[in-house]
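Enquirer: In order, the protein sequence lines correspond to chains A and C.
In terms of the working numbering, the first sequence opens at residue 1 and continues consecutively.
In terms of the working numbering, the second sequence opens at residue 163 and continues consecutively.
Just so it is clear, CB atoms sit at the ideal spot from N, CA and C, and this is done for glycine as well.
There are 2 protein chains.
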Amino acid sequence: MKLNEGIEWAIHCLSVLAYLPEGKALPAKKLAGFFDLPEHYLAKHLQSLSQAKLVKSIKGPGGGYRLSRPAPDITVLDIVQAIDGKTPHFQCTEIRRRGPSGVPDECYQKPCGIARTMWRAEKAWRDELARVSLQDILQIGAEETPQLQIEKSLDWFGQVIQ
Amino acid sequence: MKLNEGIEWAIHCLSVLAYLPEGKALPAKKLAGFFDLPEHYLAKHLQSLSQAKLVKSIKGPGGGYRLSRPAPDITVLDIVQAIDGKTPHFQCTEIRRRGPSGVPDECYQKPCGIARTMWRAEKAWRDELARVSLQDILQIGAEETPQLQIEKSLDWFGQVIQ
DNA sequence: TTATATATGGATATGTTATATCCGTATTAT
DNA sequence: ATAATACGGATATAACATATCCATATATAA
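(1) So which residues on chain C does Leu129(A) lean against when the C-beta distance must stay under 7 Å?
(2) Output, in sequence order along the chain, the residues in the segment 296-316 of chain C whose CB is closer than 7 Å to any CB in chain A.
(3) Rounding to the nearest angstrom, what Cα-Cα distance links Cys112(A) and Arg96(A) in this structure?
(4) What is the rounded straight-line gap between the Cα of Ala214(C) and the Cα of Asp246(C)?
(5) Could one say the Cβ of Val265(C) lies closer than 8 Å to chain A's Cβ atoms, at least one of them?
(6) Let me know if His12(A) comes out buried or exposed under the rule of 16 or more other beta-carbons within 10 Å of its beta-carbon.
(7) Tell me whether Glu313(C) is buried or exposed, calling it buried when 16 or more other Cβ atoms sit within 10 Å of its Cβ.
(8) Start and end of the beta strand (DSSP E) containing Ile58(A)?
(9) Please identify the residue among Lys164(C), Gln301(C) and Gly185(C) whose C-alpha is closest to the C-alpha of Ile220(C).
(10) Output the distance between the C-alpha atoms of Lys285(C) and Trp9(A), rounded to the nearest integer angstrom.
(11) Since Thr75(A) sits in a beta bridge, which residues does DSSP pair it with?
(12) Flag this pair as yes or no: are the beta carbons of Val265(C) and Leu148(A) separated by less than 8 Å?
(13) Does the distance from the CB of Arg228(C) to the CB of Val238(C) come in under 8 Å?
(14) At 8 Å on the CB atoms, spell out the chain A contacts of His174(C), in chain order.
(15) Report yes or no: do three or more beta-carbon pairs, one from the segment 128-146 of chain A and one from the segment 193-203 of chain C, lie closer than 8 Å?
(16) Sort out for me which residues DSSP pairs Tyr181(C) with in a bridge.
(17) With DSSP as the reference, label Tyr227(C) as helix, strand or coil.
(18) Just to make sure I have the definition right: I need the residues of chain C whose C-beta is within less than 9 Å of the C-beta of Thr117(A). Which are they?
(19) Check distances from the C-beta atoms of the segment 184-209 of chain C to those of chain A and list, in chain order, the residues that come in under 8 Å.
(20) Check whether the Cβ atoms of Phe319(C) and Trp281(C) lie closer than 8 Å to each other.
(21) Would the beta-carbon of Ala43(A) fall within 8 Å of that of Leu134(A)?
(22) Given this structure, state the Cα-to-Cα distance separating Ala28(A) from Leu46(A), to the nearest angstrom.
(23) State the start and end residues of the unbroken alpha helix (DSSP H) segment that holds Gly33(A).
(24) Among residues of its own chain, excluding the 5 on either side of Val160(A), which ones have a beta-carbon nearer than 6 Å to its beta-carbon?
Now the structure itself:
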């Protein structure tokens with residue numbers, strides 16, 4: 001199993017949007033340029049983020065995307081679920097009901113214990129992701145991003161935002 | 163993202179193998195019949211379980227599979243990783259290094275903070291799965307399986323094991 | 001010794017999802 | 001009006017999951 005690559009893109013992109021000056025927006029094309037990502041496909045993911053209300057989209061010249069709420073109020077889980085959906089990764093196909101030993105559906109009162117076990121682990125995963133905010137991600141970046149990259153990013157911002 | 167359906171099959175199949183009398187083995191064909199699963203594809207998964215040393219395979223007539231160690235010593239994580247591998251679900255493609263603000267590789271000292279966050283969540287998931295043994299799964303089954311299904315299963319066992 | 005039942009590994013086919021692009025339309029700033 | 005942008009639908013391609021088949025090795029039993 002592999003997680004959607006768009007998750008990585010989305011978290012990085014939201015991190016960039018977090019540094020936008022008040023009242024500004026960044027179009028998909030510019031964001032794609034910043035990370036050298038395929039523009040149209042990134043646009044799809046940005047639409048998902050928009051539908052999940054993590055970003056606000058603004059049409060027309062000068063438009064683009066900006067965060068719809070402050071970075072401390074966006075969790076990594078929010079971002080992951082916006083891109084990847086909320087469907088559990090483990091899907092119980094109820095094989096316990098199949099074959100010669102299966103019994104009619106109404107005999108089963110609870111979800112299968114195996115499914116419950118898998119879902120409990122997924123909850124632990126989600127809880128861990130919900131514990132980290134976009135602000136936390138920014139903080140880590142501020143501490144660990146190479147100085148040269150910070151300077152280059154500031155340059156880029158200066159040129160892109162008028 | 164969806165988890166491999168073989169995980170569900172594998173946990174159920176190992177649960178059945180746990181009830182095998184000492185010295186007996188159950189061939190793939192019989193296991194597939196018990197759950198009405200595609201025989202050849204299940205065989206592939208059983209091979210994975212065999213390579214992971216969760217089951218012992220015995221060739222020839224009267225052969226098949228049996229657990230290679232007692233149910234309390236097999237965790238659900240063991241089973242999941244046997245089927246799905248140990249590669250992390252989140253794969254960092256280092257997009258931080260790309261685009262106009264990227265800097266040379268040697269400037270990055272640690273893995274990206276975003277990847278570390280995702281991996282920490284995966285660890286929470288694995289820890290939760292490692293906490294549950296096959297014995298625990300059997301226990302849940304013993305408590306929750308409908309009585310009629312238990313009887314049918316015993317019938318089936320009686321016919322299949324000579 | 002022969003026939004049979006089993007696992008194994010490789011090759012291949014098919015189906016589903018992820019990745020990527022393109023286009024027409026709606027919206028909005030200038 | 002024009003240009004820049006987001007949006008949704010359609011489509012193409014690539015990767016991966018699902019499924020089958022076959023040839024081979026191995027072990028049992030007659």
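Expert: On the basis of the coordinates in this document:
(1) If you number the first sequence from 1, residue 129(A) lands on position 129. The answer, in chain order, is Ala283.
(2) Ile299, Ile302, Gly303, Glu306, Pro308, Leu310, Gln311, Lys314 and Ser315
(3) Against the first sequence, residue 112(A) aligns to sequence position 112. Against the first sequence, residue 96(A) aligns to sequence position 96. Distance between Cys112(A) and Arg96(A), taken at the CA atoms: about 8 Å.
(4) Stepping through the second sequence from its first residue, residue 214(C) is reached at position 52. Stepping through the second sequence from its first residue, residue 246(C) is reached at position 84. In a straight line, the C-alpha of Ala214(C) is about 11 Å away from that of Asp246(C).
(5) In the second sequence, counting from the first residue as 1, residue 265(C) sits at position 103. By the rule that beta-carbons nearer than 8 Å mark a contact, Val265(C) touches chain A.
(6) As a working note, residue 12(A) is residue 12 in the first sequence. By the neighbour-count rule (16 or more Cβ atoms within 10 Å), His12(A) is buried.
(7) On the second sequence, position 151 is the one that residue 313(C) refers to. When all chains shown are included, Glu313(C) counts as exposed.
(8) The sequence position of residue 58(A) within the first sequence is 58, counting from 1. Segment Val55 to Ile58, the beta strand (DSSP E) holding Ile58(A).
(9) Stepping through the second sequence from its first residue, residue 220(C) is reached at position 58. Nearest of Lys164(C), Gln301(C) and Gly185(C) to Ile220(C), Cα basis: Gly185(C).
(10) Position 123 of the second sequence, counted from the first residue, corresponds to residue 285(C). Position 9 of the first sequence, counted from the first residue, corresponds to residue 9(A). Cα to Cα, Lys285(C) sits roughly 22 Å from Trp9(A).
(11) What you label residue 75(A) is simply residue 75 of the first sequence in a count that begins at 1. Beta-bridge pairing links Thr75(A) to Ser133(A).
(12) Residue numbering aside, residue 265(C) sits at position 103 when the second sequence is read from its first letter. Residue numbering aside, residue 148(A) sits at position 148 when the first sequence is read from its first letter. Contact: yes.
(13) Here residue 228(C) refers to the residue found at position 66 of the second sequence. Here residue 238(C) refers to the residue found at position 76 of the second sequence. Their beta carbons are not under 8 Å apart, which means Arg228(C) does not touch Val238(C) by this criterion.
(14) Taking the second sequence and counting its residues from 1, one reaches residue 174(C) at position 12. What His174(C) touches in chain A: Ile95, Arg96 and Ile114.
(15) With a cut-off of 8 Å, the segment 193-203 of chain C and the segment 128-146 of chain A do not count as touching, because too few Cβ pairs lie within range.
(16) Counted from its first residue, the second sequence places residue 181(C) at position 19. BP columns for Tyr181(C) are empty, so no partner.
(17) If you number the second sequence from 1, residue 227(C) lands on position 65. Three-state result, Tyr227(C): strand.
(18) Counted from its first residue, the first sequence places residue 117(A) at position 117. Those are Ile173, Val238, Glu290, Leu291, Val294, Asp298, Ile299 and Ile302, listed as they occur along chain C.
(19) Gly195, Phe196, Phe197, Asp198 and Leu199
(20) One-based indexing of the second sequence puts residue 319(C) at position 157. One-based indexing of the second sequence puts residue 281(C) at position 119. In this structure, Trp281(C) does not lie closer than 8 Å to Phe319(C) by Cβ.
(21) Within the first sequence, the letter at position 43 stands for residue 43(A). Within the first sequence, the letter at position 134 stands for residue 134(A). No, the pair does not count as a contact, with Cβ atoms beyond the cut-off.
(22) One-based indexing of the first sequence puts residue 28(A) at position 28. One-based indexing of the first sequence puts residue 46(A) at position 46. Ala28(A) and Leu46(A): Cα-Cα distance of roughly 8 Å.
(23) Locating residue 33(A) in the first sequence gives position 33, counting from the first residue. Run containing Gly33(A): Ala28 to Phe35, per the alpha helix (DSSP H) assignment.
(24) For the purposes of this step, residue 160(A) is identified with residue 160 of the first sequence, where counting begins at 1. Here Val160(A) has Lys30 as same chain residues with Cβ atoms under 6 Å from its own Cβ, once five neighbours each way along the sequence are excluded.
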